[in-house]
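The structure appears below as structure tokens.
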Amino acid sequence: MRGVRSVRRAGTGQGTGLVTRPVRWGVAGVAAMALLATGGCSKSGAGGSSSGAGADAPASSAGAAIKGDITFNDAKLAELDAALKAALASKDVSKQELAMVVNVATDYWNAGKVGFDKGVSSLGVKGTYQAPANGRLDQQLSIIQTLRGQGITGLSVSAIDPTAIKAPISSANKAGIPVLAIDSPLPKEDGAALYLGTPNYQAGQKAGEAMKEALGGKGQVVVLVGSLTTSNAVQRIAGFEDALKGSGVKVVQKLSDGMDASKALTNAQTAIQTNPDVNGLYGVYSYDGPSAGQAVKAAGKTGKVKIISDDSDPQTLKFIRSGVIQATVLQQPYQQGYTGAYLLTALRVLGESATMKIVQPYLEQDGTTLSSGVGLVTQANLADYQAKLKHLGIS
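Numbering-wise (the working numbering), the sequence shown opens with residue 11 and increments by one.
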């Protein structure tokens, strides 16, 4: 889950439109990725392969008992991509111009852009990726309005505000432009055709299970989060707390940082300084994990205060390698970009009814969520995860 004021910004697409460059990567490439993921998973967990050696080798084995998993939902999405591409094979898609608009320019979305680039290239359609540099709602709405004026035929969006995005979605639908919600779900009545992203409750559950393992079933945890009201954050925290039920691990505080990384650091520092019984921190937004790691390391409590985070911020992965963070729950933004391109093209060219008939077997029980999967990275499978990113061309 991205933080709007994360210290790091994406290396590309900082608030400016980037027309995608052709990259050769078809459905076969995604299938290869799924096979790699399965192979990586076989090495994860307590008995998995070491995540690296040399200068950055782990300082401790903290979190090694937590079983990692980087399979996500890659295999099923590869099947879906192949089915959609087959259905589009006899259709003229040359006039399709897709757009992917995310909520902020951060490192998290680099993988999403790579996936989107490869998806539109594989299909032979045009695509534009954009991100508001500072995660501002007015910037996102302005970007969408400009893209509409440029004649886009499909839009995937990680909405900053579900209420504010309702009118643009309605306007697009009236013009025959399909809208796909990615990353953060939107209410069904908002009009987005589908939600492609992480089932946030399940992600929270995975974080909660990891925290129980890290703490040995007993402890006091503080939740660090960018917002206590956004739907994805609410769902994650609910899943996290439900996973802790029946154990001796309790959430004693939830601290909102208003999507400000510096505030998240202050919150983490205050939490462990004012309550010596706190031995766990859960960082929900992408910058919350690094903030928690900085606070714990500076306090000399590495290994004593366990950290479970979300997302794969570079600093988060460094802290996992060194044993400061025990595990991080991962989304799959690459698939949100890649499969998102396939879905938008199909919705526009085949129509919603025909597309949904193909998609239906892959949906979650709610009938509108297409899961991009949930992963978990620890020291044990970090090397496998980084190899997967390299295979996909994600720096």
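The beta-carbon is built from N, C-alpha and C at its ideal position, and this holds for glycine as well. These numbers come from a predicted model, not from an experiment.
Exercise for review: Compute every distance between the C-beta of Y352 and the non-hydrogen atoms of the ligand PLP, then say whether any falls below 7 Å.
Suggested key: Looking at this structure, you won't find the ligand PLP or any other ligand, since it has none at all.
Review point. Counting pairs of Cβ atoms below 8 Å between the region 222 to 237 and the region 191 to 202, do you hit three or more?
Key: no
**Study point:** Proximity to Y372 [Cα-Cα], best of L340, S296, Y295, L353
**Key:** Sequence index remark: in the sequence shown, residue 372 carries index 362 (1-based). Comparing Cα positions, the closest option is L353.
Review point. For the beta strand (DSSP E) that contains S166, what are its first and last residues?
Key: The sequence position of residue 166 within the sequence shown is 156, counting from 1. First-last of the beta strand (DSSP E) with S166: 164 to 167.
Check your understanding: In the structure shown, what three-state DSSP assignment does I330 receive?
Key -> Position 320 of the sequence shown, counted from the start, is the residue given in the question as residue 330. Note: I330 maps to helix in three-state DSSP.
**Study point:** Inter-residue spacing [alpha-carbon to alpha-carbon] between V233 and D193
**Key:** Position 223 of the sequence shown, counted from the start, is the residue given in the question as residue 233. Position 183 of the sequence shown, counted from the start, is the residue given in the question as residue 193. Going from the Cα of V233 to the Cα of D193 covers about 21 Å.
Point to revise | DSSP state of G78 mapped onto helix, strand, coil | key: Your numbering for residue 78 matches position 68 in the sequence shown. Of the three classes helix, strand and coil, the one that applies to G78 here is coil, per DSSP.
Point to revise | Meets three-Cβ-pair contact criterion under 8 Å: the region 79 to 86 and the region 300 to 310 | key: no
Practice item. Can you have a look at E223 and say buried or exposed, based on whether 16 or more other CB atoms are within 10 angstroms of its CB? Key: Here residue 223 is taken as the residue at index 213 of the sequence shown, counted from 1. Flag for E223 reads buried.
Point to revise | Cα-Cα separation between V334 and T156, rounded to whole angstroms | key: As a working mapping, residue 334 is identified with position 324 in the sequence shown. As a working mapping, residue 156 is identified with position 146 in the sequence shown. So the two alpha carbons sit approximately 44 Å from each other.
Practice item. Please report how far the alpha carbon of L254 lies from the alpha carbon of G218, in whole angstroms. Key: Taking the sequence shown and counting its residues from 1, the one referred to as residue 254 is at position 244. Taking the sequence shown and counting its residues from 1, the one referred to as residue 218 is at position 208. Going by the C-alpha atoms only, they are around 6 Å apart.
**Study point:** Euclidean distance between Cα positions of A185 and S272
**Key:** Translated into positions along the sequence shown, residue 185 becomes position 175. Translated into positions along the sequence shown, residue 272 becomes position 262. Rounded to whole angstroms, A185 to S272 spans 42 Å at the Cα level.
Exercise for review: Please work out which residues of its chain come closer than 7 Å, Cβ to Cβ, to V103, disregarding the five sequence neighbours upstream and downstream, and give them in chain order.
Suggested key: Along the sequence shown, read from residue 1 onward, the residue named residue 103 stands at position 93. L133, G134, V135, T355, V359.
Practice item. State the CB to CB distance for the pair G293 and G299, rounded to an integer number of angstroms; the pair is presumed to be in contact (CB under 8 Å). Key: Here residue 293 corresponds to residue number 283 of the sequence shown, with the count starting at 1. Here residue 299 corresponds to residue number 289 of the sequence shown, with the count starting at 1. Yes, G293 and G299 are in contact; Cβ-Cβ is about 4 Å, under 8 Å.
Check your understanding: At a cut of 8 Å, does the region 271 to 288 reach the region 240 to 253 through at least three beta carbon pairs?
Key -> no
Check your understanding: Smallest Cα separation from Q345: which of D91, Q370, A109, I76?
Key -> Your numbering for residue 345 matches position 335 in the sequence shown. Nearest C-alpha to Q345: D91.
Check your understanding: Identify the residues that DSSP records as bridge partners of A302: which are they?
Key -> Here residue 302 is taken as the residue at index 292 of the sequence shown, counted from 1. Answer by DSSP bridge pairing: none, since A302 is not bridged.
Review point. Three or more C-beta pairs closer than 8 Å, one from the region 111 to 121 and one from the region 315 to 334: is that the case here?
Key: yes
Practice item. Note down the Cα distance separating M110 from I187, rounded to an integer number of angstroms. Key: In the sequence shown, the residue the question calls residue 110 occupies position 100. In the sequence shown, the residue the question calls residue 187 occupies position 177. The straight-line gap from Cα to Cα measures roughly 13 Å.
Check your understanding: Taking the continuous alpha helix (DSSP H) assigned at K136, which residues delimit it?
Key -> For the purposes of this step, residue 136 is taken as the residue at position 126 of the sequence shown. First-last for K136: 136 to 140, but that is the beta strand (DSSP E), not the alpha helix (DSSP H).
Exercise for review: Just mark K398 as buried or exposed, buried being the case when its beta carbon has 16 or more other beta carbons within 10 Å.
Suggested key: Along the sequence shown, one-based indexing puts residue 398 at 388. Buried, since its Cβ has 16 or more Cβ neighbours within 10 Å.
Point to revise | Assigned exposure category for G385 - 16 Cβ within 10 Å defines buried | key: Sequence index remark: in the sequence shown, residue 385 carries index 375 (1-based). Per the 10 Å Cβ criterion, buried.
Review point. Distance, Cα to Cα, Q430 vs P343?
Key: Look at the range of the chain in this structure, 11 to 405, and you will see that residue 430 is not part of it.
Review point. How many whole angstroms separate the CB atoms of V130 and L402, which I take to be in contact at a CB cut-off of 8 Å?
Key: In the sequence shown, residue 130 corresponds to position 120, counting from 1. In the sequence shown, residue 402 corresponds to position 392, counting from 1. Contact doesn't hold; Cβ gap of about 16 Å is too wide.
Check your understanding: Hey, out of V244, I80, V189, whose CA is closest to G164's CA?
Key -> On the sequence shown, residue 164 is found 154 positions in, with the first residue counted as 1. Checking every option, the nearest Cα to that of G164 belongs to V189.
Practice item. Just list the beta strand (DSSP E) runs in the region 156 to 200, keeping only unbroken ones of 3 residues or longer that don't cross its boundaries, in chain order. Key: 164 to 167, 189 to 192
Practice item. Tell me T338's beta-bridge partners as DSSP assigns them. Key: The count along the sequence shown starts at 1 and reaches residue 338 at position 328. BP columns for T338 point to S319, V387.
Practice item. For G161, collect the residues of the same chain with a Cβ closer than 8 Å to its Cβ; drop the 5 residues on either side in sequence, then sort them by chain order. Key: For the purposes of this step, residue 161 is identified with residue 151 of the sequence shown, where counting begins at 1. Within the same chain, G161 has close Cβ partners E107.
Check your understanding: Whole-angstrom Cβ separation of V235 and K264, contact assumed at under 8 Å?
Key -> Indexing the sequence shown from 1 puts residue 235 at position 225. Indexing the sequence shown from 1 puts residue 264 at position 254. V235 to K264, Cβ: 7 Å. Contact.
Review point. Under 8 Å between the Cβ atoms of I318 and A220?
Key: Counting from one through the sequence shown, the residue named residue 318 turns up at place 308. Counting from one through the sequence shown, the residue named residue 220 turns up at place 210. Cβ atoms of I318 and A220: closer than 8 Å.
Check your understanding: Which two residues bound the contiguous alpha helix (DSSP H) that contains E374?
Key -> For the purposes of this step, residue 374 is taken as the residue at position 364 of the sequence shown. That residue, E374, is in no alpha helix (DSSP H); it is neither H nor E in DSSP.
Exercise for review: Could you tell me which of A121, Q304, A213, I170 sits nearest to Q279, measuring between CA atoms?
Suggested key: As a working note, residue 279 is residue 269 in the sequence shown. Q279 has its Cα closest to that of Q304, out of A121, Q304, A213, I170.
Check your understanding: Quick one: what does DSSP say Y118 is sitting in, helix, strand or coil?
Key -> Translated into the one-based positions of the sequence shown, residue 118 becomes position 108. It is helical.
**Study point:** 3-residue-minimum beta strand (DSSP E) runs that sit fully inside the region 85 to 131, ordered along the chain
**Key:** 107 to 111
Practice item. Taking only runs that begin and end inside the region 243 to 301, name each unbroken beta strand (DSSP E) of 3 or more residues, in chain order. Key: 258 to 266, 288 to 293
Practice item. Provide the residue(s) that pair with K228 in DSSP beta bridges, ordered along the chain. Key: Working through the sequence shown from its first residue, we reach residue 228 at position 218. Bridge partners of K228: G258.
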